[in-house]
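Input: a single structure, listed below in structure tokens.
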Amino acid sequence: MTKQQFYNLEQALKNPLQVTELILRYQKDLPLEEIAQLKNLEVLHLHHHPFKNLPENLQSLSKLHTLSLMHTRSAKVPEFIFDITSLQSLNLSYNPISRLPHNAQNLVRLRELFLHNCKLKAFPANIHKLEQLETLNLENNQIEHVPPSIGQLSKLQSLILTNNNIQGLPGEFALLNVSKLHLGSNPFYNNLGQKQKTIGALLKQFQHRNYTEKQRKLYFQIFMGVTDEAEKLASYEEFLEGLNSPNQVIRLNALSYLLEKAPNPFINPNPHQMHIHLAGKFNGFDTKQLEEQLQNTNIVIDERLKKSTTHLVVGENPKKKLNKALEMGIPIVAQGRLKDFLHTIEDHYLAKNDAATLQMAKNLADLLQSHEENNQELGLEMAMGGGIHPSFFYDLLLLYLWNRNLKIKNQTEKVLEKHLSSNLFIHLKTNAKNYYNDPSEDAISTYLENICAHPDIDANELGIRFFQITNRGKRFCLRYPKSFIEVCQQEVKGSVLRLTGLKLDLLSDSIGKYTHLKILYLHNNSLSTLPGEFTQLQKLYVLSLKKNKIQEFPLQLLALPELDNLDLSSNKIEKLPDDIGKLTKLKRLNLRNNKLNQLPESIAKLKQLKTLNLEGNPIKKDEKAKSQAQALLPGCEIRF
335 MTKQQFYNLE QALKNPLQVT ELILRYQKDL PLEEIAQLKN LEVLHLHHHP
385 FKNLPENLQS LSKLHTLSLM HTRSAKVPEF IFDITSLQSL NLSYNPISRL
435 PHNAQNLVRL RELFLHNCKL KAFPANIHKL EQLETLNLEN NQIEHVPPSI
485 GQLSKLQSLI LTNNNIQGLP GEFALLNVSK LHLGSNPFYN NLGQKQKTIG
535 ALLKQFQHRN YTEKQRKLYF QIFMGVTDEA EKLASYEEFL EGLNSPNQVI
585 RLNALSYLLE KAPNPFINPN PHQMHIHLAG KFNGFDTKQL EEQLQNTNIV
635 IDERLKKSTT HLVVGENPKK KLNKALEMGI PIVAQGRLKD FLHTIEDHYL
685 AKNDAATLQM AKNLADLLQS HEENNQELGL EMAMGGGIHP SFFYDLLLLY
735 LWNRNLKIKN QTEKVLEKHL SSNLFIHLKT NAKNYYNDPS EDAISTYLEN
785 ICAHPDIDAN ELGIRFFQIT NRGKRFCLRY PKSFIEVCQQ EVKGSVLRLT
835 GLKLDLLSDS IGKYTHLKIL YLHNNSLSTL PGEFTQLQKL YVLSLKKNKI
885 QEFPLQLLAL PELDNLDLSS NKIEKLPDDI GKLTKLKRLN LRNNKLNQLP
935 ESIAKLKQLK TLNLEGNPIK KDEKAKSQAQ ALLPGCEIRF
């Protein structure tokens, strides 16, 4: 039968048995129940038609395999849709759907499911029972959690989870065989650092290697850096097998795990000789010079594994020697332990604190801060030979974390690898990413937070230096006292400070130092509280806190005697404090789109209040509360 496509229902009904595809968009008041006459219909697009208008007799269309119901503005999907068991493709995108009906699992033939740009807060329940599913698009929702059951979608080829609020991925994610994977703009994804580039490749590696389900889940958890979950899956020996993974992130995280878990034999060396054997790829020191470096110690290098070998020192890819040493009962030591030991016995002229060294370190810092490649190369060469002085450590760090020049970045990595502790270096290497391709404030601030998770990194210092060089990372800097001041020196214009649209969830107490402020804009952030030092802004008369996440009226505001204009709209405030009357100079109060049911009687003390916006609050449905509000504020224009 020849496929016939129609865009008009009236025309389609003239020859109903010839119609195989019907596309109806922006057409109102149609007799949709007549569609059931199109017995050979295979494809149906009903865009901009509310769900409530859909007739249940659509279930009778036994040949229907593609159904698209976009832009209906309806939040509840009719259950009968999921009883059309012939469906292979279902598109419910651009609808305010928060969940799917319980019978969604009935679509046993479904291959494609599109739910992007909806309002889903949870991963669709029972979706793992759609065993034929090949394409799943959940982009632009509010999903926070991906369930372990996702691993059961064995035929899934395309998965799009971009722009949700996903905090992490379960180990079962490793069981997927997808060829197309989009995960960007999620909290967990911003935390991946360089792993962003390789997570898709990792799943492909799993597909091409004969890994068991247990190995897939184990290596995925190691890759994600979730070592506590990985330890639940495998033994210490199985964990160490990650050192031979084809994925560098897994190898580095396995080395980091070994650094943390295995005793360090080089801290208090045994008075008797230590016999070490080396296996794998080594960085941070030259193995050819190792014997000479160790000649005045009690450490001997064995050319091969022997019964007398006391330790196997491993780098990346130790291969079969790892298993052999484990079988022989020889302790495994991460290469970083040996590198750190060598660092203690070497002489580093830049590690001194005399005047000459300090001047030399200052000159070296000037070279690193230069925009000339030759100067940077010279500075890196000096640091490679002389060590890292604290005065230019953050200059090196910025060359590594934020650099377009790949040559300089790689040279910097070698300097850091040689002279930093192995624990710190692995932390930097696994979290470092070049953010020139994703310069959003959100991504950069999350990036800096990840870097500063290590105790040896000073968040204030990194924030200040990063902001000075890039003029980015404001959200990050505003969380910490010293870097807050650095940002505000640029942002303050006279008595006005504007810190808006930064997704700022924490405001440093350094805000209290800006006692001269009269106007402060903090809208479009994620603030839920204000620091106690906010009370020091005694001259403030305009304050905008709209579109934040404030649930309780900030009591610090009651101590601001000059407050004239206060905007707290689009928050989640449920009640006003009884002391609201202390704001005696308040003239404009915007509480639109909150959760207020009533006003306290003390609001009557706001004698100068001229406008009060209560639109979008529950109080608008309570006539008694509305009348009471009008009685309390007779001279005020109140909007409900």
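As numbered in the numbering used here, residues 335 to 974 make up the sequence shown, in order.
We put the CB at the ideal spot given by N, CA and C, even for glycine.
Taking 8 Å as the upper bound for CB-CB distance, Pro865 and Leu897 are not in contact here, some 17 Å apart. Sixteen is the threshold: since fewer than 16 other Cβ atoms of the shown chains lie within 10 Å of the Cβ of Val830, the residue is exposed.
Each of Phe887, Gly828, Asp562, Lys883 was checked against the Cα of Tyr848, and the nearest Cα belongs to Gly828. Between the segment 564-572 and the segment 533-547 there are fewer than three inter-stretch CB-CB distances shorter than 8 Å, so the stretches are not counted as touching. Bridge pairing for Lys514: Ser492 [DSSP]. According to the DSSP assignment, Leu589 belongs to the alpha helix (DSSP H) that extends over 582-595. By the criterion of a C-beta distance shorter than 7 Å, Tyr428 is surrounded in its chain by Met404, His405, Asn451, once the five residues flanking it on both sides are discounted.
DSSP places Glu355 within a strand segment (E or B) once states are collapsed to three.
Phe726 sits away from Leu750, with the two beta carbons spaced by 7 Å or more.
Under the three-pair Cβ rule at 8 Å, the segment 900-908 counts as touching the segment 881-889. Glu344 and Ile477 have their C-alpha atoms some 41 Å from each other. Within the DSSP bridge table, the entry for Asn425 names Ser402, Phe448 as partners. Under DSSP, Asp901 forms a beta bridge with Ser878, Asn924. A Cβ-Cβ distance of about 7 Å is found for the pair Gln710 and Leu733, placing them in contact under the 8 Å criterion. Closest option to Lys386, judged by alpha-carbon separation, among Leu517, Arg407, Ile953: Arg407.
In this structure, Gln393 and Ile418 form a Cβ contact; the two beta carbons are roughly 6 Å apart against a cut-off of 8 Å. Counted as a single uninterrupted DSSP element, the stretch harbouring Leu487 is not any beta strand (DSSP E), since DSSP gives it neither H nor E.
One alpha carbon belongs to Lys748, the other to His677, and they sit about 14 Å apart. Rounded to whole angstroms, the gap between the alpha carbons of Gly618 and Ala787 is 23 Å.
A residue is called buried once 16 or more other Cβ atoms fall within 10 Å of its Cβ, and Lys373, having fewer, is exposed. Put simply, the segment 963-974 touches the segment 937-949. At least three CB pairs are less than 8 Å apart. A straight-line Cα-Cα distance of about 8 Å links Lys653 and Ala613. Inter-residue distance for His382 and Phe416 is about 20 Å (C-alpha atoms, whole angstroms). Nearest to Leu593 by C-alpha distance, out of Gln607, Leu577, Met608, is Leu577. A contact is defined here as three or more CB-CB pairs under 8 Å, and the segment 624-635 fails this definition with respect to the segment 577-590. In chain order, Tyr728, Leu732 place their CB closer than 7 Å to the CB of Arg799, counting only its own chain and leaving out the 5 sequence neighbours on each side. Closest by C-alpha distance to Pro597, out of Val560, Arg671, Ile610, is Arg671. One Cα belongs to Ser755, the other to Phe522, and the distance between them is close to 27 Å. For His611, the secondary structure class from DSSP, reduced to helix, strand or coil, is strand. The DSSP-derived three-state label of Thr945 is strand.
At a Cβ-Cβ threshold of 7 Å, Phe457 and Gly505 do not count as neighbours. Beta-bridge partners assigned by DSSP to Glu971: Thr945.
When DSSP reads this structure, Tyr855 sits in a beta bridge with Arg832, Ser878.
Close CB contacts of Lys873 within its chain, under the 8 Å cut and outside five residues either way in sequence, are with Ser829, Thr849, His850, Leu851, Lys852, Glu896 (chain order). Asp843 and Pro952 have their C-alpha atoms spaced approximately 34 Å apart. Note: His381 is bridge-paired with Arg359 in the DSSP secondary-structure output.
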